[in-house]
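In the UniProt record's numbering, the protein residues as written are 1 to 174.
In structure tokens:
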């Protein structure tokens with residue numbers, strides 16, 4: 001992969017990671033404050049705390065990569081795992097009827113989803129702007145990180161000596 005393309009992907013990954021972290025903090029901090037003010041146990045809805053921890057972890061990872069204390073490849077792989085967790089967790093949360101994920105909490109809203117899963121997720125994406133923006137940013141970041149991992153491995157295989165390029169002349173063959 002061309003160095004300018006790789007640099008552009010790295011720049012995009014940093015920007016998208018900052019957006020994803022910011023959106024999760026934006027969503028979670030007010031909810032955690034409200035939960036604390038109403039003495040709501042954290043286990044009733046652990047998402048605010050989890051989103052704050054993961055949002056801060058993204059920012060810390062960006063700083064660690066910048067200081068060269070965390071390898072880029074390791075950061076890419078961790079980022080891919082976190083983006084998959086966000087996207088699949090969001091889908092499971094909505095397809096499971098929200099409270100099905102938290103069986104120990106009584107569902108006072110009676111909220112459940114029945115029907116086509118694609119339609120249900122699409123309704124949530126357009127029904128909540130923050131859902132649509134965050135899932136778009138997470139998906140773009142996931143794709144960018146996958147491309148960067150591919151570029152990392154493609155670059156390392158270019159540096160490895162090829163078996164066909166080594167001198168294989170045998171003195172006994174002559």
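Quick reminder that beta carbons are idealized off the backbone N, C-alpha and C, glycines included.
No experiment lies behind these values; they were computed from the predicted model shown.
Closest Cα partner of residue 51 within the set 129, 13, 87, 3: 87
Where residue 7 falls, given that 16 or more other Cβ within 10 Å makes a residue buried: exposed
Helix, strand or coil at residue 157 [DSSP, three-state]: helix
Integer-rounded CB distance, given that residue 17 should sit under 8 Å from residue 261: With the chain covering only 1 through 174, there is no way to say anything about residue 261.
Residue burial classification, residue 58 (beta-carbon count within 10 angstroms, cutoff 16): buried
Simplified DSSP assignment, three categories, for residue 30: helix
DSSP-derived helix/strand/coil call for residue 1: coil
Residue environment, residue 153, which counts as buried when at least 16 other CB atoms sit within 10 Å: exposed
Neighbour-count burial assignment, residue 48, 16 or more Cβ in a 10 Å radius: buried
Inter-stretch contact at 8 Å, needing at least 3 Cβ pairs: the region 16 to 35 / the region 135 to 142: yes
Secondary structure of residue 115, DSSP reduced to three states: coil
C-beta atoms of residue 94 and residue 120 nearer than 9 Å: yes
Under the three-state DSSP convention, the category residue 96 falls into: coil
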